[in-house]
Amino acid sequence: MKVLLLKDPKDKDSGPDPYIKLSHPECYGGLVFTSPRALEAIKLCLKGNSKNEAWSKSLKQRWNTKPAYVVGKATASLVEEIGLTPQGEKSGNAEKLAEYICSREKPNSSALLFPCGALKREVLPTVLREKGIPLESLTVYQTTQHTDLQESLSSYFSQQGFPASIVFFSPSGVRFCLQHIQKLSGDLINHIKFAAIGPTTAEAMEAAGIPVSCTAESPTPQDLAAGIQKAHRLQNCCLAK
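Under my numbering, the first residue of the sequence shown carries the number 609, and numbering increases by one thereafter.
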């Protein structure tokens, strides 16, 4: 069974240097990360020798006295790579992470610093705002369409044929890829099972008119694979009746 994974490319062009904000842990109550991309931006800003030294000698320890909230295992792993201890990695999505944060933070405390992308959803900021928990968003990366996207998709379909399943990993993936997939698939698009890595992506797919065959219970390869296999088993059972 062929599965086409539509993962966003890793952007070389991140947003503004977040090091200035990271240099002042005393101004914040903690950190919030809902995307591995935000951590990639942080890692890039720490590459300079002087910045890396300052981070290792003092800033890392000072930030470690505060919580670093994360949305999933991939983000948690990158947080650990920069020397911080993640919390909330079992949340799986922004809604559940917001609930987790609200159960641990007090209203009107020091603001949480939220390095994020320009296309972030407003679910987490809205929930925290309603609970009186300050959050300061800092855009550290931009999401753009890969220059070779159309060519890559065309090459896949011509060489590999039509996949049994296509997986979307983000709303931006839906926006950038869907029109090309529709054109390449034609009438056969109705035979492709579409899967989502999480509820946010599933919502974007539904809004675009894509039937969602499955949504991973948590954003891990294991749960995604299990969801795809289940969707195809159900289809086979229906065909066999």
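Yeah, the Cβ is synthetic: ideal placement off N, Cα and C, and Gly gets one too. From a predicted model like this one, the values you see are computed outputs, not experimental measurements.
- Query: Does the pairing of the stretch 764-780 with the stretch 830-842 give three or more beta-carbon distances under 8 angstroms?
  - Reply: yes
- Item | 8 angstroms contact criterion, which LEU732 and THR642 should meet: CB distance rounded | 6 angstroms
- Message: So, under 8 angstroms CB-CB, LEU705 and TYR677 are touching, yes? Tell me the CB distance rounded to an integer number of Å.
- Response: 6 angstroms
- Go through its chain and collect everything with a Cβ distance to HIS788's Cβ below 6 angstroms, but skip five positions before and after it. The answer, listed in chain order, is GLN758, LEU761.
- Query: Which of the three DSSP states, helix, strand or coil, is assigned to GLY835?
  - Reply: helix
- Item | ILE628, enclosing beta strand (DSSP E) - first and last residue | Where ILE628 is concerned, there is no enclosing beta strand (DSSP E), although the alpha helix (DSSP H) it sits in stretches over 627-630.
- Message: Taking its Cβ as the centre, do 16 or more other Cβ atoms sit within 10 Å of LEU796, making it buried, or is it exposed?
- Response: exposed
- Query: I think LYS674 touches PRO633, with their Cβ atoms under 8 angstroms apart; what is that distance to the nearest whole Å?
  - Reply: With 8 angstroms as the limit, LYS674 and PRO633 qualify as a contact, their Cβ atoms being about 6 angstroms apart.
- Query: Could you give the distance in angstroms between the alpha-carbon of LYS681 and the alpha-carbon of SER763?
  - Reply: 32 angstroms
- Item | Spatial distance of GLN768 from CYS785 (CA atoms) | 17 angstroms
- Does DSSP classify LEU654 as helix, strand or coil? If DSSP states are grouped into helix, strand and coil, LEU654 belongs with coil.
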